[in-house]
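Structure first, commentary second.
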Amino acid sequence: DSVFAHLVRAPEDPILGVTVAYNKDPSPVKLNLGVGAYRTEEGKPLVLNVVRRVEQQLLNDKNRNKEYLPIVGLADFNKLSAKLIFGADSPAIQENRVTTVQCLSGTGSLRVGGEFLAKHYHQRTVYLPHPTWGNHPKVFTLAGLSVKTYRYYAPATRGLDFQGLMYDIGSAPSGSVVLLHACAHNPTGVDPTPEQWEQIRQLIRSKALLPFFDSAYQGFASGNLDADAQPVRLFAADGGEMLVAQSYAKNMGLYGERVGALSIVCKSADVASRVESQLKLVIRPMYSSPPIHGASIVAAILKDRDLYNEWTIELKAMADRIISMRQQLFDALRARGTPGDWSHIIKQIGMFTFTGLNPEQVAFITKEYHIYMTSDGRISMAGLSANTVPHLADAIHAAVT
Ligand code: PMP
Numbered sequence: 058d059s060v061f062a063h064l065v066r067a068p069e070d071p072i073l074g075v076t077v078a079y080n081k082d083p084s085p086v087k088l089n090l091g092v093g094a095y096r097t098e099e100g101k102p103l104v105l106n107v108v109r110r111v112e113q114q115l116l117n118d119k120n121r122n123k124e125y126l127p128i129v130g131l132a133d134f135n136k137l138s139a140k141l142i143f144g145a146d147s148p149a150i151q152e153n154r155v156t157t158v159q160c161l162s163g164t165g166s167l168r169v170g171g172e173f174l175a176k177h178y179h180q181r182t183v184y185l186p187h188p189t190w191g192n193h194p195k196v197f198t199l200a201g202l203s204v205k206t207y208r209y210y211a212p213a214t215r216g217l218d219f220q221g222l223m224y225d226i227g228s229a230p231s232g233s234v235v236l237l238h239a240c241a242h243n244p245t246g247v248d249p250t251p252e253q254w255e256q257i258r259q260l261i262r263s264k265a266l267l268p269f270f271d272s273a274y275q276g277f278a279s280g281n282l283d284a285d286a287q288p289v290r291l292f293a294a295d296g297g298e299m300l301v302a303q304s305y306a307k308n309m310g311l312y313g314e315r316v317g318a319l320s321i322v323c324k325s326a327d328v329a330s331r332v333e334s335q336l337k338l339v340i341r342p343m344y345s346s347p348p349i350h351g352a353s354i355v356a357a358i359l360k361d362r363d364l365y366n367e368w369t370i371e372l373k374a375m376a377d378r379i380i381s382m383r384q385q386l387f388d389a390l391r392a393r394g395t396p397g398d399w400s401h402i403i404k405q406i407g408m409f410t411f412t413g414l415n416p417e418q419v420a421f422i423t424k425e426y427h428i429y430m431t432s433d434g435r436i437s438m439a440g441l442s443a444n445t446v447p448h449l450a451d452a453i454h455a456a457v458t
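For any residue, its number in UniProt numbering is found by taking its place in the sequence shown, counting from 1, and adding 57.
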C-alpha cells in the first residue's frame, strides 16, 4: 500500500477552483468571472505589445545569459520597482532607507515579508481587512504570524465600514502589523478616500502599528500609476517604517512570470542594509534566488522612457476597458429594471465588483446561466465584454427576482 494512502483529498482552492469547474462545463455560453486576470474584449488573455517588444530585444541580445540572479534578484529591477511605488523623488529612496528584494510576484513578496516579520519583529500579529484576498490568511499564518481581522466592508452600503475599521485598528495592540490593500481592494473594489487614508495613517502611526501594503494593482484601479500609489506615498512621506509587496502580474500582464518585489522602508540606511542581509537568509533556503526573465522585462520597460510611456498607455487602456464594463453592466441592469440599487458597480474600482449576490444566488447563476464566480459574489470585470454583459445582466436579474 502507498505510504500516502491515508491522505484525504484536499478541497480545490476557493478561487482557482472556480476555473476548474468552468473548464468542465461543456456549455457554449459559459463565462468565467472567477479568475482575476485581464481579458480582451474577445475574452482572450493579453500580452502587452511593449512586453512582446522587450522580449524580442532580450532574445536578440547575445550578451544575455541565464546565470543565477543574486539572492535579492536583479539590482536594476529592485531600484526601479521602489521608484515606481514610492515615486521618483522619494526621500526614503534618496536616503537609502529602503531595501527592495525581488520576489515571486505579490504572493512571494507577502510571504517573504511575513517570514521576516515572524523571525525578527517583536509583534507577531497581523491584522487583515475583512474580507480580504483569500490567500492572505494562509500566507501569513504559514509564515508564522497570528492573523486577526479588522472591519472593512459594510454590506448595507456596499461601501467602506470606516468607523469599524478605525475602531478595530485603534484597538489593535501596539506594534501590530496592519495589512492594507494599496488600491483596488480585493474582493470588494472599495477603497478609502484620500481623507480617510490620512486618518488611517495618523491612527496607525499614533499607535505605533506597522503598515504592510499589498500593492497588486498599481495603475489598474485608476489607470494612473502615481494616483494608485498615493496611499503608499502618504505613509512613506511621514518618515515611518513600513513594508510594501508589489506585483507586476496585473499591471504588466506578467502573471505566470511571477515577478514582484518586497520593499522595507527603515529609519536609517544602516538599518535598511541589515534588514536586507536578513532578508537574504529568509530567501536562500526558500528558493535560493528569483527567476530572471520577468524581472528583465520589467527593468527594461521601467528604465526606458519610450517603453515606459508605451506601457502606461496600454495599462490605461486595460483600466478603461474595465471601467467601461462597469458602466455597461450597470446600464444593462437598469434597462431590465432589476430590483435594487446597483450603483456600487460603478462606484467600486479595480478588477472586481463585489456584487452583493449571496452564495445561493451565485449557485443559481452558475447552474442556470453557466457563469462562474467565487461564492462571495465577486466578479472579475476584466472577464466581461460588450457581448457577455447582457447574459450576465439576465442572470443577475433572474437571480434577484
Ligand atoms: N494580493 C492581492 C490583493 C491580489 O489580488 C493578488 C492576486 N490575486 C495578489 C496579492 C498576488 O498575486 P500574484 O502573486 O500573482 O502577484
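Don't be surprised by glycine CBs; every beta carbon is placed ideally from N, CA and C.
It should be emphasised that the depicted structure is a prediction, and the values quoted were computed from it without experimental measurement.
If you draw a straight line from the Cα of Gln303 to the Cα of Met430, it comes to about 25 Å. Three or more beta-carbon pairs separated by less than 8 Å are not found between the region 328-335 and the region 356-366, which leaves the two stretches without contact.
The three-state secondary structure of Ile340, taken from DSSP, is helix.
Counting along the chain, Asp271 sits inside the beta strand (DSSP E) bounded by residues Leu267 to Ser272. A Cβ-Cβ separation of about 7 Å places Asp433 in contact with Pro188 under the 8 Å criterion. Here Thr214 is exposed: its Cβ has fewer than 16 other Cβ atoms, across all protein chains shown, within 10 Å. Pairing Ala200 with Arg168 gives a Cβ-Cβ distance under 9 Å.
The chain-ordered list of residues whose CB is nearer than 5 Å to some heavy atom of the ligand PMP reads Gly93, Ser162, Gly163, Thr164, Trp190, Asn243, Asp271, Ala273, Ser304 and Ala306.
In the three-state reduction of the DSSP assignment, Leu291 falls in the helix class. Below 8 Å, too few C-beta pairs join the region 246-261 and the region 89-105 to call them touching: fewer than three. Membership of Gln303 in the beta strand (DSSP E) is indicated by the continuous run Met299 to Ser304.
Residue nearest to Gly440 within the set Val60, Arg383, Pro148 and Lys136 is Arg383 (criterion: CA-CA distance).
Here the alpha carbons of Gly317 and Ser166 stand approximately 7 Å from one another.
Taking a cut-off of 8 Å for Cβ pairs, the region 399-410 and the region 146-164 do not touch, as fewer than three such pairs fall below it. Per DSSP, reduced to three states, the secondary structure at Ser203 is strand. Here the C-alpha atom of Ser231 lies approximately 15 Å from the C-alpha atom of Ile257. Cβ contact annotation for Leu141 (same chain, cutoff 8 Å, sequence separation greater than five): Gln275, Leu282, Ala286, Gln303 and Leu359, in chain order. The C-alpha of Ile428 is placed about 31 Å away from the C-alpha of Thr206. When DSSP states are grouped into helix, strand and coil, His238 belongs to the strand group. DSSP links Arg435 through a beta bridge to Phe411. In summary, Asn117 is exposed, with fewer than 16 beta-carbon neighbours lying within 10 Å of its beta-carbon over all protein chains present. Note that the region 404-419 does not touch the region 66-82; fewer than 3 beta-carbon pairs, one per stretch, sit closer than 8 Å. Of the residues assessed, Gln385 falls on the buried side of the cut-off, its CB having 16 or more other CB atoms within 10 angstroms. Per the C-alpha coordinates, the member of Trp368, Asp271, Leu266 and Ala326 positioned closest to Val196 is Asp271.
For Tyr184, the enclosing beta strand (DSSP E) begins and ends at Thr182 to His187.
Put simply, the backbone Cα of Gly413 is about 31 Å away from that of Ser233. Setting aside the 5 residues that flank it on each side, Pro212 is surrounded in the same chain by Gly413, each with a C-beta closer than 8 Å to its C-beta; the list follows chain order.
Counting along the chain, Ser320 sits inside the beta strand (DSSP E) bounded by residues Gly317 to Val322.
Per DSSP, Gln114 lies in no beta strand (DSSP E); the unbroken alpha helix (DSSP H) holding it starts and ends at Asn106 to Asn117.
Scanning Arg96, Glu298, Val457 and Thr164 for the CA closest to the CA of Trp399 turns up Val457.
Spanning the alpha carbons of Gly310 and His448 requires a straight line of approximately 27 Å. Residue pairing for Gly93: DSSP places it in no beta bridge. In the DSSP annotation of this structure, the continuous segment of the alpha helix (DSSP H) that includes Val77 starts and ends at Leu73 to Lys81.
Beta-bridge partners of Gln405 (DSSP): none assigned. Across the set Ala352, Gly397, Asp451 and Leu372, the C-alpha of Ala352 shows the shortest separation from the C-alpha of Lys123.
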